[in-house]
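Quick notes on the structure that follows.
In this note's numbering, the protein residues as written are 11 to 198.
Put into structure tokens, the structure is as follows:
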């Protein structure tokens, strides 16, 4: 199996206590556009704020075509509330970079904590990965707290080009072992 083939074995649908994950499809574009075009959300996603649904459709097409990426649309009942997934596989390190976002009205309800925990547990069971990484802008304190609560460790600060501002920005890099037991045993 190649380094990215496991992505094709991930389930089409995942269900946690409150959230249903479905592999992102073009049919989700209009609802995701409403999230990805929200200035408060887009500023933390390293994307230009979307102006048209066709930009969301193009983003979904690019994700579907990228062998090292996988995205799930998040639902509560029948409402699309955000997405999460793997942005890239770093073969040498056996790590996956994750990304995630929620519609503003669902912030600070523990939904992303639940979703990421479920997703990381799935990666532990079904992949060869040894760890998960996430990149966060320093002013995204809610996301930093989320990662710390999920036992991610700060690793480094780097500079990257940010599409949203069209400028170089500072990014905080976080890491967590995929193994849930390893993540939680560190706090005992």
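Note that CB positions come from ideal geometry on N, CA and C, so glycine has one too. All of these numbers come straight from a predicted model, not from anything done at the bench.
Range of the contiguous beta strand (DSSP E) that encloses residue i
i           : result
residue 31  : 30-33
residue 145 : 141-146
residue 22  : From DSSP, residue 22 is part of no beta strand (DSSP E); its letter is neither H nor E.
For residue i: DSSP bridge partner residues
i           : result
residue 110 : 94
residue 164 : 184
residue 158 : In the DSSP output, where bridge partners are listed per residue, residue 158 has none listed.
residue 100 : 105
residue 170 : 179
Pairwise C-alpha distance: residue j and residue i
i           : j           : result
residue 47  : residue 181 : 22 Å
residue 96  : residue 109 : 6 Å
residue 101 : residue 83  : 25 Å
residue 171 : residue 33  : 28 Å
residue 28  : residue 121 : 8 Å
residue 93  : residue 169 : 25 Å
residue 187 : residue 162 : 8 Å
residue 143 : residue 164 : 10 Å
residue 21  : residue 37  : 18 Å
residue 103 : residue 30  : 30 Å
residue 145 : residue 155 : 13 Å
residue 17  : residue 132 : 11 Å
residue 69  : residue 75  : 10 Å
residue 166 : residue 183 : 5 Å
residue 178 : residue 129 : 30 Å
residue 45  : residue 134 : 29 Å
residue 55  : residue 112 : 11 Å
residue 147 : residue 53  : 9 Å
residue 87  : residue 139 : 31 Å
residue 150 : residue 60  : 20 Å
Proximity test, residue i beta-carbon vs the ligand SAH heavy atom, cut-off 7 Å
i           : result
residue 187 : In the structure shown, the ligand SAH is absent, as is every other ligand, since no ligand is present at all.
Sequence-distant residues of its chain with Cβ nearer than 6 Å to residue i (five each side left out)
i           : result
residue 42  : 66
residue 107 : 97, 98 and 143
residue 185 : 141, 143, 163 and 165
residue 85  : 30
Close-in-space but distant-in-sequence residues of the same chain around residue i (CB under 8 Å, 5 per side omitted)
i           : result
residue 152 : 117 and 118
residue 114 : 48, 50 and 51
residue 40  : 63 and 66
residue 136 : 16, 19 and 20
residue 160 : 123, 126, 127, 130, 186 and 193
residue 73  : 34, 79, 80, 81 and 95
residue 200 : Summary: the structure shown does not reach residue 200, with the chain confined to residues 11 through 198, and so no result is reported for it.
Where the alpha helix (DSSP H) containing residue i begins and where it ends
i           : result
residue 150 : Unbroken run through residue 150: none, as it is neither H nor E.
residue 134 : 121-136
Own chain residues within Cβ distance below 7 Å of residue i, not counting five before or after
i          : result
residue 14 : 77, 78 and 99
Report the start-end ranges of each alpha helix (DSSP H) in the segment 33-90 that is 4 residues or longer and not cut off at the edges. 39-46, 49-52 and 63-75
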